[in-house]
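Reviewing the structure listed below.
Protein chains: 6
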Amino acid sequence: MALVPYVEYEDASPRVRAVYDDIKATRGVDWINNFWKALANRPEDLERVWRNVKEVMGPGVLDPLVKEMIYVAVSATNGCEYCTRSHTAAARKKGMTDAMLLELLAVAGLANETNRLANGLRLDVDAAFR
Amino acid sequence: MALVPYVEYEDASPRVRAVYDDIKATRGVDWINNFWKALANRPEDLERVWRNVKEVMGPGVLDPLVKEMIYVAVSATNGCEYCTRSHTAAARKKGMTDAMLLELLAVAGLANETNRLANGLRLDVDAAFR
Amino acid sequence: MALVPYVEYEDASPRVRAVYDDIKATRGVDWINNFWKALANRPEDLERVWRNVKEVMGPGVLDPLVKEMIYVAVSATNGCEYCTRSHTAAARKKGMTDAMLLELLAVAGLANETNRLANGLRLDVDAAFR
Amino acid sequence: MALVPYVEYEDASPRVRAVYDDIKATRGVDWINNFWKALANRPEDLERVWRNVKEVMGPGVLDPLVKEMIYVAVSATNGCEYCTRSHTAAARKKGMTDAMLLELLAVAGLANETNRLANGLRLDVDAAFR
Amino acid sequence: MALVPYVEYEDASPRVRAVYDDIKATRGVDWINNFWKALANRPEDLERVWRNVKEVMGPGVLDPLVKEMIYVAVSATNGCEYCTRSHTAAARKKGMTDAMLLELLAVAGLANETNRLANGLRLDVDAAFR
Amino acid sequence: MALVPYVEYEDASPRVRAVYDDIKATRGVDWINNFWKALANRPEDLERVWRNVKEVMGPGVLDPLVKEMIYVAVSATNGCEYCTRSHTAAARKKGMTDAMLLELLAVAGLANETNRLANGLRLDVDAAFR
Numbered sequence: 094m095a096l097v098p099y100v101e102y103e104d105a106s107p108r109v110r111a112v113y114d115d116i117k118a119t120r121g122v123d124w125i126n127n128f129w130k131a132l133a134n135r136p137e138d139l140e141r142v143w144r145n146v147k148e149v150m151g152p153g154v155l156d157p158l159v160k161e162m163i164y165v166a167v168s169a170t171n172g173c174e175y176c177t178r179s180h181t182a183a184a185r186k187k188g189m190t191d192a193m194l195l196e197l198l199a200v201a202g203l204a205n206e207t208n209r210l211a212n213g214l215r216l217d218v219d220a221a222f223r
Numbered sequence: 094m095a096l097v098p099y100v101e102y103e104d105a106s107p108r109v110r111a112v113y114d115d116i117k118a119t120r121g122v123d124w125i126n127n128f129w130k131a132l133a134n135r136p137e138d139l140e141r142v143w144r145n146v147k148e149v150m151g152p153g154v155l156d157p158l159v160k161e162m163i164y165v166a167v168s169a170t171n172g173c174e175y176c177t178r179s180h181t182a183a184a185r186k187k188g189m190t191d192a193m194l195l196e197l198l199a200v201a202g203l204a205n206e207t208n209r210l211a212n213g214l215r216l217d218v219d220a221a222f223r
Numbered sequence: 094m095a096l097v098p099y100v101e102y103e104d105a106s107p108r109v110r111a112v113y114d115d116i117k118a119t120r121g122v123d124w125i126n127n128f129w130k131a132l133a134n135r136p137e138d139l140e141r142v143w144r145n146v147k148e149v150m151g152p153g154v155l156d157p158l159v160k161e162m163i164y165v166a167v168s169a170t171n172g173c174e175y176c177t178r179s180h181t182a183a184a185r186k187k188g189m190t191d192a193m194l195l196e197l198l199a200v201a202g203l204a205n206e207t208n209r210l211a212n213g214l215r216l217d218v219d220a221a222f223r
Numbered sequence: 094m095a096l097v098p099y100v101e102y103e104d105a106s107p108r109v110r111a112v113y114d115d116i117k118a119t120r121g122v123d124w125i126n127n128f129w130k131a132l133a134n135r136p137e138d139l140e141r142v143w144r145n146v147k148e149v150m151g152p153g154v155l156d157p158l159v160k161e162m163i164y165v166a167v168s169a170t171n172g173c174e175y176c177t178r179s180h181t182a183a184a185r186k187k188g189m190t191d192a193m194l195l196e197l198l199a200v201a202g203l204a205n206e207t208n209r210l211a212n213g214l215r216l217d218v219d220a221a222f223r
Numbered sequence: 094m095a096l097v098p099y100v101e102y103e104d105a106s107p108r109v110r111a112v113y114d115d116i117k118a119t120r121g122v123d124w125i126n127n128f129w130k131a132l133a134n135r136p137e138d139l140e141r142v143w144r145n146v147k148e149v150m151g152p153g154v155l156d157p158l159v160k161e162m163i164y165v166a167v168s169a170t171n172g173c174e175y176c177t178r179s180h181t182a183a184a185r186k187k188g189m190t191d192a193m194l195l196e197l198l199a200v201a202g203l204a205n206e207t208n209r210l211a212n213g214l215r216l217d218v219d220a221a222f223r
Numbered sequence: 094m095a096l097v098p099y100v101e102y103e104d105a106s107p108r109v110r111a112v113y114d115d116i117k118a119t120r121g122v123d124w125i126n127n128f129w130k131a132l133a134n135r136p137e138d139l140e141r142v143w144r145n146v147k148e149v150m151g152p153g154v155l156d157p158l159v160k161e162m163i164y165v166a167v168s169a170t171n172g173c174e175y176c177t178r179s180h181t182a183a184a185r186k187k188g189m190t191d192a193m194l195l196e197l198l199a200v201a202g203l204a205n206e207t208n209r210l211a212n213g214l215r216l217d218v219d220a221a222f223r
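Chains as they are written, first to last, in the working numbering: chain A, 94 to 223; chain B, 94 to 223; chain C, 94 to 223; chain D, 94 to 223; chain E, 94 to 223; chain F, 94 to 223.
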């Protein structure tokens with residue numbers, strides 16, 4: 094059970110429903126996942142976070158699938174199960190295969206390893222990298 | 094100053110030089126950065142980590158630039174200055190612009206934010222994501 | 094199942110019972126939660142950690158509820174389910190509402206986002222902040 | 094040196110200047126710190142992040158100083174120097190003393206310790222906390 | 094359910110079986126744990142990560158039990174349940190008692206606490222430590 | 094510059110001096126490092142944290158050098174420069190060589206890598222590890 098109740102569509106205020114409707118339309122889905130139903134307890138957070146997701150994950154200079162994969166790599170690094178599962182699902186819808194998931198986690202794993210070697214050894218940043 | 098001395102090419106054993114030579118040839122550079130010069134104090138680590146970097150960052154199903162960007166996103170998440178600067182430099186050589194760097198950090202930042210909202214609210218993973 | 098057995102009150106040594114009794118009296122509760130029952134396998138840890146919690150979370154210059162909320166924000170950042178749930182419960186007893194929980198997580202989430210933007214961009218600290 | 098150039102007011106586009114002007118007016122300061130000057134390389138990020146900071150850190154159910162202190166606690170947990178220094182400065186302007194800073198770090202430090210004890214022992218969440 | 098299917102021995106290719114056989118022989122066990130069965134979806138990762146584990150955790154200048162305990166301390170710090178449970182099991186096989194587990198977590202917990210005090214206060218590194 | 098002033102011995106209250114004297118006597122050193130001089134601004138923290146360090150790092154079932162190495166591994170994982178440098182110095186005084194430091198960081202690095210693979214793949218914990 095989550096720490097706050099989930100706000101279901103039928104119980105939602107018009108302000109919350111407007112965001113739910115936009116999520117459905119933007120993503121082409123007919124249901125709302127728990128993340129948004131929890132945030133809906135504070136409508137300004139629901140609106141704010143959704144607006145951020147829409148802007149950041151929307152069209153830009155990077156490929157949408159690349160963005161989802163970066164999201165998965167960060168979520169795996171932080172150990173967030175909800176985010177790892179939900180963004181893996183989103184990435185699969187955009188074309189990510191098992192082989193791509195494993196390769197991106199190989200990169201994320203390696204980065205986590207070398208991050209600790211570099212931080213643990215307190216390396217001086219080479220002049221060429223400054 | 095790092096916690097271990099840097100092993101310079103001219104002072105390196107043949108075993109270490111062999112790795113240094115491979116790094117230079119593989120990357121098309123004529124110098125060795127501090128990360129490898131520190132690891133060279135324990136040649137089996139130098140060989141092992143270089144082999145990992147070469148295998149993971151080499152040809153695969155993901156684009157090489159995408160991999161470097163995942164590396165930067167993880168390094169920024171972990172606060173590793175050395176890794177952030179060195180892999181940003183590597184990504185730029187492969188074509189990353191300032192706009193791409195800012196967009197990838199926007200995604201990484203957003204992921205870090207929603208990771209904490211999801212973990213803080215202890216959300217139930219939706220059945221559709223399992 | 095936890096990695097060590099839980100030490101129940103009836104099986105506890107007098108040394109452990111003394112801490113359990115103090116926890117109950119200090120908090121006005123009639124049961125001991127799993128955190129203490131696990132630490133009780135090494136009584137010096139039980140005593141030491143309890144003494145720390147009592148001192149740090151006791152009267153000081155900050156409001157007790159504010160301290161619990163800082164505890165929740167850090168626990169959410171670290172992804173510790175046990176700590177997030179137990180300190181959310183403690184904060185609710187001291188008056189935290191759902192709206193306050195959501196606002197504190199909004200702040201924690203934002204901080205996690207901007208921490209990565211600042212670390213990822215390797216910003217120079219402005220003179221005015223030094 | 095940061096990874097992207099700082100956009101100074103005099104070189105900024107009208108779109109960027111509008112945000113800079115709002116930051117100055119909202120905070121009652123006459124200068125822009127490096128965080129915003131770096132984000133300004135991608136104006137949509139500057140606008141988006143500033144809007145978030147303004148909304149999340151603006152009036153709500155929590156005291157503004159409490160919010161800044163949560164920000165500092167999270168930044169210390171993540172090891173972000175820039176954020177720790179800038180939000181400590183902001184908290185001091187709102188009344189935080191050295192004693193308050195030390196007490197909040199004592200809480201954050203303790204939370205980081207018990208988070209690892211709870212995660213390391215893989216504790217079962219007590220029924221009362223669910 | 095994991096994000097990728099587990100590759101069972103009977104369904105595995107000869108390449109994967111060779112690694113499985115080596116894991117069994119090296120560890121003196123007659124089963125393969127889920128970590129390897131998930132990586133086996135990308136045989137080069139299975140080979141690479143196993144080779145790393147074998148090299149890093151094999152004979153060196155540190156005691157094998159000490160290495161397992163460092164592994165547990167890091168896994169507890171990162172909140173990885175799978176790694177904490179599997180490496181605690183490995184450490185127990187090498188002689189770790191409950192008292193040793195609790196003492197190592199006490200050290201890890203303390204380190205996590207003082208890490209935040211030091212990072213939060215932005216301490217200058219003493220000349221003697223440089 | 095740290096966020097709080099350092100309390101020098103000659104300016105310290107008798108309460109603070111008592112701790113400083115105990116640190117010097119316990120460690121056989123004739124100077125106080127910045128960590129304690131910063132905490133001394135709030136004497137109860139100085140006393141509390143020192144008591145914890147003394148208890149946790151004092152005699153127990155684990156070897157003192159092993160404890161220092163666990164401290165270094167956690168500090169490298171968290172990216173705390175102050176803690177990494179100070180506990181590396183402490184470990185060297187207890188006998189840690191460069192080869193031992195590199196091997197412990199190899200273990201810590203590997204753990205950080207596999208932690209992300211396990212968390213990223215959302216592995217089921219094998220029955221044998223429960």
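Here a beta-carbon is modelled for each residue, glycine too, at the ideal position from N, C-alpha and C.
Item	Value
Helix, strand or coil for D:Y175 per DSSP?	helix
If you follow the alpha helix (DSSP H) that B:V154 is in, where does it begin and where does it stop?	Taken as a continuous stretch (DSSP letters only), B:V154 belongs to no alpha helix (DSSP H), as it is neither H nor E.
How would you call E:D138, buried or exposed, if buried means at least 16 neighbouring beta carbons within 10 angstroms?	buried
How about D:V159 and C:N205: are their beta carbons less than 8 Å apart?	no
Can you name the start and end residues of the alpha helix (DSSP H) that C:K130 belongs to?	N127 to L132
What number of angstroms, rounded off, separates the C-alpha of F:N145 from the C-alpha of B:N171?	27 Å
At least one CB of chain F closer than 8 Å to the CB of D:G172: is that the case?	yes
Within 8 Å, do at least three Cβ pairs link the stretch 174 to 185 of chain B to the stretch 175 to 182 of chain A?	no
Is any beta-carbon of chain B found at less than 8 Å from that of F:T190?	no
Could you tell me whether the Cβ atoms of E:L132 and E:V122 are closer together than 8 Å?	no
Are F:D191 and B:V109 touching if we call contact CB-CB under 8 Å?	no
Please look up how many angstroms separate the CB atoms of F:E161 and F:K187, rounded, as I've assumed it's under 8 Å.	6 Å
Which term fits B:E119, buried or exposed, when burial requires 16 or more other beta carbons within 10 angstroms of its beta carbon?	In the sequence on display, residue 119 of chain B carries Thr and not Glu. Under this definition B:T119 is an exposed residue.
Quick check on this structure: which residue in E:V165, E:A211 and E:R209 has the alpha carbon closest to the alpha carbon of D:L210?	E:V165
Looking at A:V149 and B:V200, is the spacing between their C-beta atoms short of 8 Å?	yes
For the stretch 154 to 180 of chain D, which residues have a beta carbon sitting closer than 7 Å to at least one beta carbon of chain C?	V154, L155, V159, K160, M162, I163, Y164, A166, V167, S168, T170, N171, C173, E174, Y175, C176, R178 and S179
Please report the distance separating the alpha-carbon of C:N134 from that of C:A184.	28 Å
Checking 8 Å against the spacing of the C-beta atoms, do A:L198 and F:G202 come in under that value?	no
How about E:G213: is its C-beta nearer than 8 Å to some C-beta of chain D?	yes
By a C-beta neighbour count over all protein chains shown, 10 Å radius and 16 as the cutoff for buried, is B:E103 buried or exposed?	exposed
Determine, for C:V146, whether the minimum Cβ-Cβ distance to residues of chain D falls below 8 Å.	yes
Just to check, is the beta-carbon of C:W124 closer than 7 Å to a non-hydrogen atom of the ligand FMN?	The model depicted lacks the ligand FMN and carries no ligand whatsoever.
Whose Cβ in chain C lies nearer than 8 Å to the Cβ of F:E137?	E148
Please identify the residue among D:M189, D:I125 and D:G153 whose C-alpha is closest to the C-alpha of C:L195.	D:G153
Against chain F, does A:T119 count as a neighbour if the rule is that its beta carbon must be under 8 Å from one of theirs?	no
Please determine, among D:R223, D:L216, D:F128 and D:N208, the residue with the shortest C-alpha to C-alpha distance to F:R223.	D:L216
Helix, strand or coil for C:V97, going by three-state DSSP, please let me know.	coil
Check the Cβ-Cβ distances between F:L96 and every residue of chain D, and say whether any is below 8 Å.	yes
Among A:M193, A:E140 and A:P136, which has the Cα closest to the Cα of B:D156?	A:M193
Residues of chain A with a CB under 9 Å from the CB of D:R108: which are they?	Here the premise fails: no neighbours, minimum Cβ distance about 15 Å.
Using 8 Å as the limit for Cβ to Cβ distance, is F:E196 near chain A?	no
What is the residue span of the alpha helix (DSSP H) that C:Y102 lies within?	No alpha helix (DSSP H) contains C:Y102, which DSSP labels as neither H nor E.
On the CB-based measure, 16 or more other CB atoms within 10 Å of its CB, does E:M189 come out buried or exposed?	buried
Just verifying my parser: in three-state terms, what is the DSSP assignment at A:T170?	helix
Let's see if you can read the secondary structure: which residues bound the alpha helix (DSSP H) around A:D191?	D191 to L214
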